Amino acid sequence: MKSDSTKKSEIKIADEVTTSDKNNLKKGINQKTLLQNRVTAEKNIKHEWHTLDIEEYPTYLKEILKKSDWINKNTTINILNNDFENKFKLILYKKKIEFVNKGGNEIDFFFNPGYKKDFNDLLREYKNKKNQYFKDLSKKQKTNLARKKEIIEEIKKLIDKNQHDSNTYKNFKNLQDAFYNIGQVPRNENNNIWQTYKFHVERFYDLLHLNKELRDKDYSNNYQEKIKIIEKAEKLADVENIQIAIRELNNLHRLWKNELGPVSRDKREGLWERFQKATKHIHQKKNKYNKDIYSIRKKNYEAKIELINEIKKISNNKENSHNKWQISIKKIEELKNKFISIGRVPKEKNKDIWNAFRDATKIFNQEKNNFYKNLKILEKKSIESKYKLINEVDNILMKEDWRNYAERIKEIQSEWKNTGRVSKKYSEKLWSEFKLKTNNFFEKFKNKNKILNDNEIEIIREQKNFLKKLMSEKIPLTPKKYETFIYDKSLDWDKIRNDDIGNQEKLVLKFLSDKWNEISIPKNKLELKIYQTRLYFIKNNEKQINSEHNSLRKKIEDIKGELNQLENNLDFFSESSTKNPLLVEVNNKIKELTTKKLFVESKLKLLKSMLNQSIKKDLDE
């Protein structure tokens, strides 16, 4: 049997094993080493996002704040913030140089992109969230302290009763369980409350051990709890992650030391030796892990090299379609996540592997950006080609000999297929416009190829004579009289109108619209008068009127959407100079769109007025 002093010495050694800070100091890890470890940790944190573009920082920070352990990420967030600010300062400096080189005044320079505002908003959210967390934590800790004091008072009452029965012991154990289950208390009170608790627990045991039956019951209870701790320690040998195993082992030693009382003398040594054996086994695994760590990190290095080669391989594919590039982008993201999730590499390889990873992803991003840049150029050319064909069809429809262009229209349809693909944003609109015009041509061609009767031949003759006579008439040169003149001509035209034959209406409209330029009228009213001229000629065509109404409504909604977006953007300039060029540009755009909106609304009002007059006329008749 070992002496009490020997056992106390062993217990003291176990206590040292459970306290990592003391253990580190025993091993001689000085402040310089700890500082170096801190710097290494910061480098590892930076590697997680150093390949991100600055615009992606807000998204990265947002993901951190969503995690359940966000409160433990203070170091990460501080490093992220410093990294962001350093990058942004460089960008800001370059933008300022560009602004000044273009002739801008340095005082008027302002640059506050959306990603900067988003990042600052998230930082503000984090600080508010952290402040609230610590307020709640402080409140909770004070409540815990008060509850622990209450439990100590209840233990004191048990001692003062001086009763040696099973109920007293049971109440004591319940109070102990309650004390251990209470959370943290304020740090400055932690040691004091613990020492006070231990003092009164020892007083209770002194009282308890005067009664052999209760003492044996306490020994038995402590024995069962220590057996559970030993079994947990023995199972830790099967845990693959040695850091987790060590952390849990330290926790078990804390429970053994602080939360459990003694066992009977004849069982103390056996229990302690069994616990020490399990502890020794875990520490042997830790020592082996430390010896094998270079080999493990070398394998990590090889795995990362393999991932970098995969990234290079994808970059070299030089995909030639949007869909294939989207697949490649997804693969690269998966490879980046795998790279980051792999553990550390040998220290001497660390810088090289991260440089290689950064270069590989940089090359991929350059290839991706070049593809989409060229795609935009090609798309612009495709849009121009499509509009060119649409305009050609439109011009053909305006010609008197349009029937002679059937083969050319078919050629245009074939050429359309070879103009290249454009994004969905434009393709549907362009195709609808093109299809409508070509369908109009063939519909007219179908109608015009039928044998004309005498009445239809007469209508064509009358339409041509109408245009000929119109062009030779003396035109009134006052706005009111000319407007009446146009209205009268529209009524005359209605008498000989036939949409299935003839092609003179567009020529009539063009002639009447052009004449407005010869009349003295304010420039801001000229376009509206030209629009009114067209309305006179379609007033009885329900299909055209409905189409025009829907088109105007859509234009108004689109302009409102643009205005809302621009007005929201003004928030970014709340503290900027009124001479800021970006602010001036936004305000000018708002004025331009507001004027455009008022003009389209005037058109709609004019259309509705004409419809109401037409309805009233029908009712009167």
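Reading the sequence shown from the start, the letters are residues 14 to 634 in my numbering.
In this text, a Cβ means the ideal position worked out from N, Cα and C, and glycines have one as well.
What you are looking at is a predicted structure, and each value in this text was computed from that prediction instead of being measured.
query                                                                                                                                                                    : result
In chain order, which alpha helix (DSSP H) runs of at least 4 residues are fully inside the segment 102 to 178?                                                          : 127 to 174
By alpha-carbon positions, which one of Leu391, Glu286, Lys304 ends up nearest to Ser334?                                                                                : Leu391
Quick check on this structure: which residue in Arg510, Leu410, Glu397, Arg421 has the alpha carbon closest to the alpha carbon of Val435?                               : Glu397
Just mark Ile327 as buried or exposed, buried being the case when its beta carbon has 16 or more other beta carbons within 10 Å.                                         : buried
Taking Ile572 as the reference, which of Phe550, Glu555, Lys609, Arg547 has the closest Cα?                                                                              : Lys609
Can you list, in chain order, the residues of its chain whose CB lies under 7 Å from that of Leu635, leaving out five sequence neighbours each side?                     : The chain is shown from 14 up to 634; residue 635 falls before or after that span and cannot be answered.
Leaving out five residues before and five after Tyr128 in sequence, what residues of the same chain have Cβ atoms less than 6 Å from its Cβ?                             : Glu68, Pro71
Check Pro199 in the structure and name its three-state DSSP category.                                                                                                    : coil
Should the segment 548 to 564 be regarded as contacting the segment 489 to 505, the criterion being three or more beta carbon pairs within less than 8 Å?                : yes
So for Thr497, helix, strand or coil by DSSP?                                                                                                                            : helix
How many angstroms separate the CA atom of Thr156 from the CA atom of Phe185?                                                                                            : 21 Å
When you compare the CB positions of Ile295 and Ala258, do they come within less than 8 Å of one another, or not?                                                        : yes
Can you list, in chain order, the residues of its chain whose CB lies under 7 Å from that of Ile24, leaving out five sequence neighbours each side?                      : Because Ile24 sits at a pLDDT of 31, beneath the cut-off of 50, its placement in the model cannot be relied upon, and the following sentence gives the value as read from the coordinates. Correct list: empty, nothing qualifies.
Nearest-angstrom Cα distance between Met623 and Val613?                                                                                                                  : 15 Å
Looking at C-alpha atoms only, which residue of Asn187, Asn625, Leu583 is the closest neighbour of Asn553?                                                               : Asn625
How big is the Cα-Cα spacing for Ser341 and Gln557?                                                                                                                      : 48 Å
What does the alpha-carbon distance come out to for the pair Lys621 and Ala419?                                                                                          : 38 Å
In three-state DSSP terms, what is Ser81?                                                                                                                                : coil
Take Tyr182 and list the residues in its own chain whose beta-carbon comes closer than 8 Å to its own, dropping the five residues that flank it on each side.            : Leu221, Leu227, Lys230, Asp231
Pop quiz: Ile345 and Ile366 are said to be a contact at Cβ under 8 Å. What is the actual Cβ separation, rounded to whole angstroms?                                      : Contact doesn't hold; Cβ gap of about 17 Å is too wide.
Go to Thr546, then tell me how far its alpha helix (DSSP H) extends in each direction, as first and last residue.                                                        : 536 to 551
Could you please give the first and the last residue of the uninterrupted alpha helix (DSSP H) stretch that includes Leu520?                                             : 518 to 528
Would you check if the distance between the CB atom of Lys602 and the CB atom of Leu579 is smaller than 8 Å?                                                             : yes
Using a threshold of 8 Å, state whether the C-beta atoms of Val406 and Lys450 are closer than that.                                                                      : yes
Quick one: Cα of Lys637 to Cα of Tyr495, how far?                                                                                                                        : Because the chain is modelled from 14 through 634, residue 637 falls outside the range shown and cannot be assessed.
Express the C-alpha separation of Ile403 and Ser11 in angstroms, rounding to a whole number.                                                                             : Only positions 14 to 634 of the chain appear in this structure, which leaves residue 11 out of reach.
Under a three-way DSSP split, which group does Pro361 fall into?                                                                                                         : Per the sequence shown, the amino acid found at residue 361 is Glu instead of Pro. Helix.
With 16 as the cutoff for other CB atoms within 10 Å, does Phe217 come out buried or exposed?                                                                            : buried
If I measure Cβ to Cβ from Leu617 and keep anything under 8 Å in the same chain, skipping five residues before and after, which residues do I get?                       : His562, Leu565, Arg566, Ile569
For Val358 versus Asn313, is the C-beta distance shorter than 8 Å?                                                                                                       : yes
Of the choices Glu446, Ile543, Lys211, whose alpha-carbon is the least far from that of Lys5?                                                                            : For residue 5 there is no data in the structure shown, the boundaries of the chain being 14 and 634.
Which one of Asp134, Ile120, Lys604 has the shortest CA to CA distance from Pro126?                                                                                      : Asp134
Alpha carbons only, please: which of Arg260, Glu315, Asn322, Glu244 is nearest the one belonging to Lys290?                                                              : Glu244
Just to check my reading of the structure: Asn104 and Ile90 have Cβ atoms closer than 8 Å, yes? What is that Cβ distance to the nearest angstrom?                        : With the sequence shown as reference, residue 104 is identified as Ile, and Asn is not the correct amino acid for it. About 21 Å separates the two Cβ atoms, so there is no contact after all.
Whole alpha helix (DSSP H) runs in the segment 239 to 322 with 4 or more residues, listed along the chain?                                                               : 255 to 267
Evaluate Leu320 with the Cβ neighbour count: other Cβ atoms within 10 Å of its Cβ, from every protein chain shown; 16 or more gives buried, anything less gives exposed. : buried
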